[in-house]
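Participant: Would you mind keeping the following structure in view while I ask a few things?
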Amino acid sequence: MGLLLPALAGLLFGLGLAVSQMMNPAKVLNFLDLAGNWDPSLALVMGGALAVTLPGFAWLRGRPRPWAAPRFAWPQATDIDAPLLGGAALFGLGWGLSGLCPGPALAGLVTGQPLLFGFVLALLVGYRGTAWLQGRARAA
């Protein structure tokens, strides 16, 4: 059962992204275009996600351990620092320019759209490049 729960969670996540059209860059860009052809429907998607997530996390915090792991791996970082702000700014710029973010792009690969393959390739190159730069910075 090791990969069954993550696979089912990923399938459910991908299905939710497809049904809500979060994998459609035009839909996302229209949501971000507040001064033009604004489409507020994705705000309902995000609100629905928060309505499920917030009580879910509150419930999980009270449990001694997860169903399929020996312990919870809660985030430990609490600082708001330059790398966090820079990364958030780059993410926002990329999302606003392309209408894509990593989760929907990965889920959308099953559609075979070349745009998504190019985006994911650029994402992987950026990820590896960042890891390389951080390694160089640590070595210096």
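Numbering-wise, this note's numbering puts 120 at position 43 of the sequence shown, and it's gapless, one number per residue.
The C-beta atom is built at its ideal place from N, Cα and C for all residues, glycine as well.
As the structure is a prediction and not an experimental result, all values here were calculated from the model.
1. Taking the straight line between their C-alpha atoms, what separation do you get for Gly206 and Val197?
2. List, from N- to C-terminal side, the beta strand (DSSP E) runs of 3 residues or more that fit wholly inside the stretch 183-208.
3. Here's a check: name, in chain order, each residue in its chain whose Cβ is nearer than 8 Å to the Cβ of Ala84, leaving out the five neighbours to either side.
4. When DSSP labels each residue in this structure, what does Arg213 get in the three-state scheme?
5. How do the stretch 155-172 and the stretch 91-104 stand: do at least 3 beta-carbon pairs fall below 8 Å, yes or no?
6. Can you tell which of Gly113, Leu106, Gly195 and Ala128 has its C-alpha closest to the C-alpha of Gly176?
7. Considering only residues of the same chain and omitting the five flanking positions on each side of Leu82, which have a CB-CB separation below 8 Å?
8. Are the Cβ atoms of Gly91 and Ala184 separated by less than 8 Å?
9. Can you tell me where the alpha helix (DSSP H) holding Pro160 begins and where it ends?
10. Count the other C-beta atoms from every protein chain shown that fall within 10 angstroms of the C-beta of Leu137, then say buried if there are 16 or more, exposed otherwise.
Facilitator: Let me spell this out:
1. Here residue 206 refers to the residue found at position 129 of the sequence shown. Here residue 197 refers to the residue found at position 120 of the sequence shown. Answer to the nearest angstrom: the Cα atoms are 14 Å apart.
2. none
3. Numbered from its first residue, the sequence shown carries residue 84 at position 7. If we look at Ala84 and ignore the five residues flanking it on each side, it has no Cβ neighbours.
4. As a working note, residue 213 is residue 136 in the sequence shown. Here Arg213 sits in helix by DSSP.
5. no
6. Numbered from its first residue, the sequence shown carries residue 176 at position 99. Of Gly113, Leu106, Gly195 and Ala128, the residue nearest in Cα terms is Leu106.
7. In the sequence shown, the residue the question calls residue 82 occupies position 5. Closer than 8 Å at Cβ, skipping near neighbours: Trp144 and Ala145.
8. Locating residue 91 in the sequence shown gives position 14, where the first residue counts as 1. Locating residue 184 in the sequence shown gives position 107, where the first residue counts as 1. Yes, Cβ-Cβ distance for Gly91 and Ala184 is below 8 Å.
9. Working through the sequence shown from its first residue, we reach residue 160 at position 83. It spans Ala159 to Ser175 - the alpha helix (DSSP H) in which Pro160 sits, taken as one unbroken run.
10. Counting from one through the sequence shown, the residue named residue 137 turns up at place 60. Classification of Leu137: exposed, given that the 10 Å Cβ count is below 16.
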